[in-house]
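Student:
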Amino acid sequence: MPTVTSSQLSANPRSLNVRQRVAKKAALPAFSNAYSLVDALRPSEPAYGFRPHSVHTAARWFLDHFPGRVMYAVKTNPDAQVIHALTQAGIGHFDVASLKEIETVAKHAPKGKIYYMHPVKPAEAIAKAYFDYGVRTFSLDSHVELQKILKATDYAKDLSLFVRLSIPNEHAAMALSGKFGVSMDEAKDLVMETRRVSDRFGICFHVGSQSMASGDYRTAMMLVSDLVEQTGVRLDALDVGGGFPSVYPEMDPPALIDYINAINQSFDDFGFDVDCELFCEPGRALVAEAGSTIVRVDLRKDNMLFINDGIYGSLFDAGFPNFIYPVRALRPDGEFEGTMEAFGFYGPTCDSMDVMKGPFLLPEDIREGDWIEIGQLGAYGTTMRTRFNGFYSEIMAELQDEPMLTMYPDMPRLDINKHVSKRHLRIAKA
Ligand SMILES: Cc1ncc(COP(=O)(O)O)c(C=O)c1O
0 MPTVTSSQLS
10 ANPRSLNVRQ
20 RVAKKAALPA
30 FSNAYSLVDA
40 LRPSEPAYGF
50 RPHSVHTAAR
60 WFLDHFPGRV
70 MYAVKTNPDA
80 QVIHALTQAG
90 IGHFDVASLK
100 EIETVAKHAP
110 KGKIYYMHPV
120 KPAEAIAKAY
130 FDYGVRTFSL
140 DSHVELQKIL
150 KATDYAKDLS
160 LFVRLSIPNE
170 HAAMALSGKF
180 GVSMDEAKDL
190 VMETRRVSDR
200 FGICFHVGSQ
210 SMASGDYRTA
220 MMLVSDLVEQ
230 TGVRLDALDV
240 GGGFPSVYPE
250 MDPPALIDYI
260 NAINQSFDDF
270 GFDVDCELFC
280 EPGRALVAEA
290 GSTIVRVDLR
300 KDNMLFINDG
310 IYGSLFDAGF
320 PNFIYPVRAL
330 RPDGEFEGTM
340 EAFGFYGPTC
350 DSMDVMKGPF
360 LLPEDIREGD
370 WIEIGQLGAY
380 GTTMRTRFNG
390 FYSEIMAELQ
400 DEPMLTMYPD
410 MPRLDINKHV
420 SKRHLRIAKA
């Protein structure tokens, strides 16, 4: 699949055990960093870099700190090497949204346990999940979906059913309560009915993606606790969903440990039963740091750069949601000069919406033929690619350097303001 030959690979100057073990399994061509990749391949299409050791660090952190079951939200990045890196780190539970994601987990993590947490599912997919893949856990937010699940599973008696609540998504960069989740007003009936037909009964919610305030989990858990009290049901499991943040140049969230503390404290304060099991479904926080997209500048018009990936590729969130990603310029055959300036990007398609305002800070003399590494794209990056206008790259490689920004205390940070050129690489190696 990758358009890279082994002779093009640069040697890895490091030899950490975790890196070696994970790399062996993922089997992608490996480069010490984006600069070496560009130097070796001079790619005219976007190249997607993945750091397995970064996923490993993030997964270990969640497994060590979250007081319950950690399920990876597969939609965030379903690539085989991501699933391998996660299983290698000890993640054994997977939150899926579709039959395709179920097949992906079954293929790449055959021992993994699958949870079908999309509140609206095709009946055929529910049946296949239950009868062919052994899935027992499903979420729902309506009476109609509840009946659909029961019918599709032949009124199974061993179901774990989670009612998804719509809760405030006040501090999230991306709200996820608009389409899914039953309102608090309508939840009582659904909770009691679902409890009646479940072997194990749970409640789940999503505070919205990239939650910038740990208090959102507290508010949601208070609402769940009120609902449990009002309905008098026994709650076997509480799934606090995803939403755990990553870090971006203009979004510096509280430390991840604050989110864990808020969840622990709320569990105690709101009187949840000690036997109620906690689940979470992180996506972004586990994989964002691990990915970089490496693009080439095909044209410059003033401070707008026409690059070869865009919102129909791995940069969807840089478009309308206007996420600002960390960037650094790469020029293997020369030096950058001058100061840093703010740039915007145009993607390669003919659609005027294919624009990413940024601002992205890059050297003032950046020009056609330079490359740019765009970081923090392991989450909702490669998974969002389309083939629109014929732009679709399959160049994937392993990167063995540190992520551009990190939420994890054990992960060193790179200086992203440094222009990367041969001279800087020599300095870094010296
Ligand atoms: C049901 C569900 N769980 C988990 C996630 C992952 O969320 P995040 O990437 O914000 O952690 C999502 C994201 O859309 C989701 O819909």
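Everything in the sequence shown is counted per numbering that gives the first Met the number 0, starting at 0 for the first residue and increasing by one. Just so you know, even glycine gets a beta-carbon here, dropped at the ideal spot from N, CA and C.
1. Starting from Lys300, trace the beta strand (DSSP E) both ways and give me its first and last residue.
2. Need the endpoints of the alpha helix (DSSP H) that Val206 sits in, please.
3. Measuring alpha carbon to alpha carbon, tell me which of Glu169, Lys178 and Asp184 ends up nearest Tyr216.
4. Got a sec: does ligand 2 put a non-hydrogen atom nearer than 7 angstroms to the Cβ of Thr75?
5. DSSP three-state label for Thr218, please.
6. Going along the chain, which residues of its own chain have a beta-carbon closer than 6 angstroms to the beta-carbon of Val246, five neighbours each way excluded?
7. Measuring only the C-alpha atoms, how far is His92 from Tyr114?
8. In its own chain, which residues sit with a C-beta less than 8 angstroms from the C-beta of Ala122, not counting the 5 before and 5 after it?
9. Kindly identify the DSSP beta-bridge partner or partners of Asp94.
10. For Ala341, which beta-bridge partners are listed by DSSP?
11. Here's the rule I'm using: 16 or more other beta-carbon atoms within 10 Å means buried, otherwise exposed. How should Val21 be labelled?
12. Just mark Val69 as buried or exposed, buried being the case when its beta carbon has 16 or more other beta carbons within 10 Å.
13. With a threshold of 6 angstroms on Cβ separation, who are the neighbours of Phe305 within its own chain once the five nearest residues in sequence on each side are excluded?
14. Which value, in whole angstroms, describes the spacing of the CA atoms of Phe278 and Gly368?
15. Can you tell me whether Ser182 is buried or exposed? The criterion is at least 16 other CB atoms within 10 Å of its CB, across all chains shown.
16. Could you pull the DSSP bridge partners for Lys48 from this structure?
17. Helix, strand or coil for Ile101? Go by DSSP, reduced to three states.
18. When you compare only the Cα positions, how much space is there between Asp400 and Phe204?
19. Compute the minimum distance between the beta carbon of Met383 and the heavy atoms of ligand 1, and state whether it is under 7 angstroms.
20. Specify the secondary structure class of Ala212 as computed by DSSP and reduced to three states.
21. Which same chain residues, not among the five before or five after Ala10, have their C-beta less than 7 angstroms away from its C-beta?
22. Tell me the rounded alpha-carbon separation between Ser176 and Pro281.
23. Over the uninterrupted alpha helix (DSSP H) stretch that includes Glu430, give me the two end residues.
24. Leaving out the 5 sequence neighbours to the left and right, which residues in its chain are closer than 7 angstroms to Val73 when beta-carbon positions are compared?
25. Determine the closest residue to Asp332 out of Ala26, Leu314, Asn32 and Val37, with distance taken between C-alpha atoms.
26. Nearest to His52 by CA position, among Trp370, Arg366 and Val81, is which residue?
27. Closest to Leu139 by CA distance: which of Lys106, Ser31 and Arg194 is it?
28. Is the distance from the Cβ of Val294 to the Cβ of Gly318 below 8 angstroms?
29. Keeping to the same chain, check which residues put their C-beta closer than 7 angstroms to that of Ala155; ignore five residues upstream and five downstream.
30. Classify Ser43 as buried or exposed, calling it buried when 16 or more other Cβ atoms lie within 10 Å of its own Cβ.
Tutor: So, to answer that:
1. First-last of the beta strand (DSSP E) with Lys300: Gly290 to Lys300.
2. Note, Val206: premise wrong, no alpha helix (DSSP H); not H, not E.
3. If we check each option's Cα against that of Tyr216, Glu169 comes out closest.
4. Although ligand 2 was asked about, the structure shown includes only ligand 1 as ligands.
5. Helix at Thr218.
6. Cβ contact annotation for Val246 (same chain, cutoff 6 angstroms, sequence separation greater than five): Leu404 and Met406, in chain order.
7. If I take the Cα positions, the gap works out to 8 angstroms.
8. Only Lys147, Lys150 and Ala151 meet the Cβ criterion.
9. For Asp94, which the question treats as bridged, DSSP gives the partners Ala72 and Tyr114.
10. Ala341 is bridged to Leu360.
11. Summary for Val21: the model assigns pLDDT 48, below 50, so the residue's position carries little reliability; its value from the coordinates is reported in the next sentence. Val21 comes out buried.
12. Counting of Cβ neighbours within 10 angstroms places Val69 among the buried residues, the total reaching 16 or more.
13. Correct list, in chain order: Asp297, Leu298 and Tyr345.
14. The alpha-carbon atoms of Phe278 and Gly368 are separated by roughly 47 angstroms.
15. By the 10 Å Cβ count, Ser182 comes out exposed.
16. Per the sequence presented here, residue 48 reads as Gly, with Lys not at that position. Partner(s): Ser291 and Ala396.
17. In the structure shown, Ile101 adopts helical secondary structure according to DSSP, grouped into three states.
18. For Asp400 and Phe204, the distance between alpha carbons rounds to 35 angstroms.
19. Met383 Cβ: outside cutoff for every heavy atom of ligand 1.
20. Three-state DSSP puts Ala212 in coil, outside helix and strand.
21. For Ala10, the predicted model reports a pLDDT of 36, less than 50, meaning its position is unreliable; a value from the coordinates is still stated below. Correct list: empty, nothing qualifies.
22. In a straight line, the C-alpha of Ser176 is about 16 angstroms away from that of Pro281.
23. Residue 430 cannot be examined here, being either before or after the span of the chain that is shown, 0 to 429.
24. Same-chain partners within the cutoff: Phe93, Asp94, Val95, Glu100, Thr103 and Val104.
25. Selected option, being the one with the closest Cα: Val37.
26. Selection Trp370, Arg366 and Val81 evaluated against His52 yields Val81 as nearest (Cα-Cα).
27. Answer by Cα proximity: Arg194.
28. For Val294 and Gly318, no; Cβs fall outside 8 angstroms.
29. Same-chain partners within the cutoff: Tyr129.
30. Under the 10 Å beta carbon count, Ser43 is surrounded by fewer than 16 other beta carbons and is classified as exposed.
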